[in-house]
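Counting the sequence shown from 1 gives a position; the working numbering is that position plus 39.
Ideal Cβ positions, reconstructed from N, Cα and C, are used throughout, including at glycine.
Keep in mind it's a predicted model, so treat the numbers as computed, not measured.
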Amino acid sequence: AKALLGPARRDFQMDTRFHPKDVTTPFGEIICKIKALWKDGYSLYVTGHSLGGATATLFGFLASATVEEFSKTAPVTLYTFASPRVGGQKFRKAFKYLEEQGRLRLARVYCQNDKVPLLPYMFGMYRHTGMEFRLRNAEPILVDYPVYHGWTQGRVNIFQRLRTLPALLTFHSCTEMLDRLRLSRSVLRETTLEEEYAKMWGYA
40 AKALLGPARR
50 DFQMDTRFHP
60 KDVTTPFGEI
70 ICKIKALWKD
80 GYSLYVTGHS
90 LGGATATLFG
100 FLASATVEEF
110 SKTAPVTLYT
120 FASPRVGGQK
130 FRKAFKYLEE
140 QGRLRLARVY
150 CQNDKVPLLP
160 YMFGMYRHTG
170 MEFRLRNAEP
180 ILVDYPVYHG
190 WTQGRVNIFQ
200 RLRTLPALLT
210 FHSCTEMLDR
220 LRLSRSVLRE
230 TTLEEEYAKM
240 WGYA
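Right under this line is the structure:
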């Protein structure tokens, strides 16, 4: 993976100890099963909710970085829902590099007022990646990229989190998210994830 980044990306490092042939790891086992079924023209999609969304982000990133055939036909595409942050500034730079290469796309969907996507706090050390789709209750869906929106700087202290636990459970639920997605159905039908990337960054 480090070789993939080239000399222009020496401002961050990537862990290159993993190899897809290492079937002793869960990631390796899944990769080997996917490769056994893989055919020309296939595309890889990964999804998950909450902690599953964080896992999907990491899996999709590693799959895109270490297995070139997964992004030959189309980018490895991730759809995560209510995911917490999963990496720091260096991870976000590596993630964006793969986006720039057309190898990775992420639609990060969450409900406004859900506190889980603000986790972990860690004094701002963790950052979000990918294209943000914020589902609002009575307003149009907001599509943005965290580098511009500044949403990654949002902080909620422990006392706020405790006071809003019932609301947390509501805004974090799959039912609430599905209801809000239905409200945005007409807007979402008029675009694609690739089109949103093109609008934001000019990626073709």
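- About 6 Å separates the beta carbons of Cys-150 and Arg-219, which is inside the 8 Å limit, making them a contact pair.
- A direct Cα-Cα distance of roughly 22 Å separates Lys-132 from Phe-120.
- Beta-bridge partners assigned by DSSP to Leu-157: none are found.
- Counting along the chain, no alpha helix (DSSP H) covers Ala-177, and no H or E run does either.
- Nearest in C-alpha terms to Thr-112, of all of Thr-231, Ser-82, Leu-145 and Leu-90, is Ser-82.
- Between the segment 226-243 and the segment 139-155 there are three or more C-beta pairs closer than 8 Å, enough to call the two in contact.
- For a cut-off of 8 Å, the C-beta gap from Pro-159 to Tyr-165 is around 6 Å, short enough to register as a contact.
- The DSSP-derived three-state label of Ala-133 is helix.
- Your pair His-167 and Arg-124 checks out as a contact, with CB atoms roughly 5 Å apart and the cut at 8 Å.
- The straight-line gap separating the alpha-carbon atoms of Met-239 and Glu-138 is approximately 12 Å.
- Relative to the Cα of Thr-105, the nearest Cα in the group Glu-229, Phe-66, Asp-153 and Tyr-184 belongs to Phe-66.
- Within the DSSP secondary-structure output, Gly-126 pairs in a beta bridge with Arg-166.
- According to the DSSP secondary-structure assignment, Asp-183 is paired through a beta bridge with Glu-171.
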